[in-house]
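**Q**
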Amino acid sequence: MTTESDITPTAADRHHPLLKLALELGPLLIFFFANLRGQWLVERFPALSELGGPLFVATGLFMAATVTSLIVSKIVLGHLPIMPFVSGIVVVIFGSLSIWLQNDTFIKMKPTIVNALFGVALLGGLAFGRSLLGYVFNAAFQLDAEGWRKLTIRWGIFFLFLAVLNEVVWRNFSDDTWVAFKVWGTMPITIIFTLAQMPLVLKHSLNPETDGEK
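Each residue of the sequence shown is one higher than the last, beginning at 97 in our numbering.
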């Protein structure tokens, strides 16, 4: 099994942008719906009651949806983007522990672990003179060295911010609030942050054709 490590998108990525979005958002939406309608799902599919309460039912379906999305990504896109792949591994491990021990702490800490992992990896990579951001995001753009360095620092700090934010939310608010935040809070925050980086991206973007002529 291989993961995509090139900083440029593959032909399949360019041809299926909506599929990529669906594969990333689909499991989260299933998680939100299953937590919201957990009892309704158990009434119609009694076997789900073996998983536990609504949050555990949502966790089980979230795990299944995540694995399915990775399989579809591998078949259709021909590779496993590294960030969803690593996140998927953590989902399966922590989700399984949550259901097995009937302790939702594990699944609640999953975003903390994943975001902290990427944040430390990005900032740590810079300490060794390497910008790993392109490998994480399979970026659709090419930047000069200074652009990658600055963008990596920003994303590294942002990932650590998301890790801390997740800890604050799940430790101080209800399960429903945390699930809603995970789906409807984290994504808008990430989109806004991404858009805010566009001036930097445009300033440091490279033109492959022009560079090839030099």
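Glycine included, every Cβ here is placed at the ideal spot set by N, Cα and C.
Quick caveat: nothing in here was measured; it's all calculated off a predicted structure.
#1: Is Leu119 helix, strand or coil by DSSP?
#2: Measuring straight from C-alpha to C-alpha, what distance separates Gln238 and Trp136?
#3: What do you reckon, are the CB atoms on Phe129 and Val279 nearer than 7 Å?
#4: Quick one: what does DSSP say Ser301 is sitting in, helix, strand or coil?
#5: Give the straight-line distance between the Cα atoms of Thr273 and Arg245, rounded to the nearest whole angstrom.
#6: What number of angstroms, rounded off, separates the C-alpha of Leu247 from the C-alpha of Ala292?
#7: Give the secondary structure of Leu176 by DSSP, where H, G and I count as helix, E and B as strand, and everything else as coil.
#8: Leu228 by DSSP, collapsed to three states: which one?
#9: Do Ile203 and Gly191 have their C-beta atoms closer together than 7 Å?
#10: Check whether the Cβ atoms of Pro207 and Phe158 sit closer than 7 Å, and answer yes or no.
#11: Who are the Cβ neighbours of Asn211 in its own chain at under 6 Å, not counting the five residues just before and after it?
#12: Do you know how far the Cα of Ile195 is from the Cα of Gly156?
**A** The relevant details are as follows:
#1: Taking the sequence shown and counting its residues from 1, the one referred to as residue 119 is at position 23. Of the three classes helix, strand and coil, the one that applies to Leu119 here is helix, per DSSP.
#2: Along the sequence shown, one-based indexing puts residue 238 at 142. Along the sequence shown, one-based indexing puts residue 136 at 40. Cα to Cα, the separation comes out at about 48 Å.
#3: Here the question's residue 129 lines up with position 33 in the sequence shown. Here the question's residue 279 lines up with position 183 in the sequence shown. Their beta carbons are not under 7 Å apart, which means Phe129 does not touch Val279 by this criterion.
#4: Here residue 301 refers to the residue found at position 205 when the sequence shown is read from its first residue. Looking at Ser301 - three-state DSSP - the assignment turns out to be strand.
#5: For this step, residue 273 is matched to residue 177 along the sequence shown. For this step, residue 245 is matched to residue 149 along the sequence shown. Our two residues, Thr273 and Arg245, have alpha carbons roughly 36 Å apart in a direct line.
#6: In the sequence shown, the residue the question calls residue 247 occupies position 151. In the sequence shown, the residue the question calls residue 292 occupies position 196. For Leu247 and Ala292, the distance between alpha carbons rounds to 11 Å.
#7: Counted from its first residue, the sequence shown places residue 176 at position 80. For Leu176, the three-state secondary structure derived from DSSP is strand.
#8: In the sequence shown, residue 228 corresponds to position 132, counting from 1. Coil at Leu228, not helix or strand.
#9: Counted from its first residue, the sequence shown places residue 203 at position 107. Counted from its first residue, the sequence shown places residue 191 at position 95. Cβ distance < 7 Å, so Ile203 and Gly191 count as in contact.
#10: Here residue 207 refers to the residue found at position 111 of the sequence shown. Here residue 158 refers to the residue found at position 62 of the sequence shown. Not a contact, by the Cβ cut-off of 7 Å.
#11: Position 115 of the sequence shown, counted from the first residue, corresponds to residue 211. So the qualifying residues of the chain are Phe255, Leu258 and Ala259.
#12: To locate residue 156, count along the sequence shown from 1; it is residue 60. To locate residue 195, count along the sequence shown from 1; it is residue 99. Spanning the two alpha carbons is a distance of roughly 8 Å.
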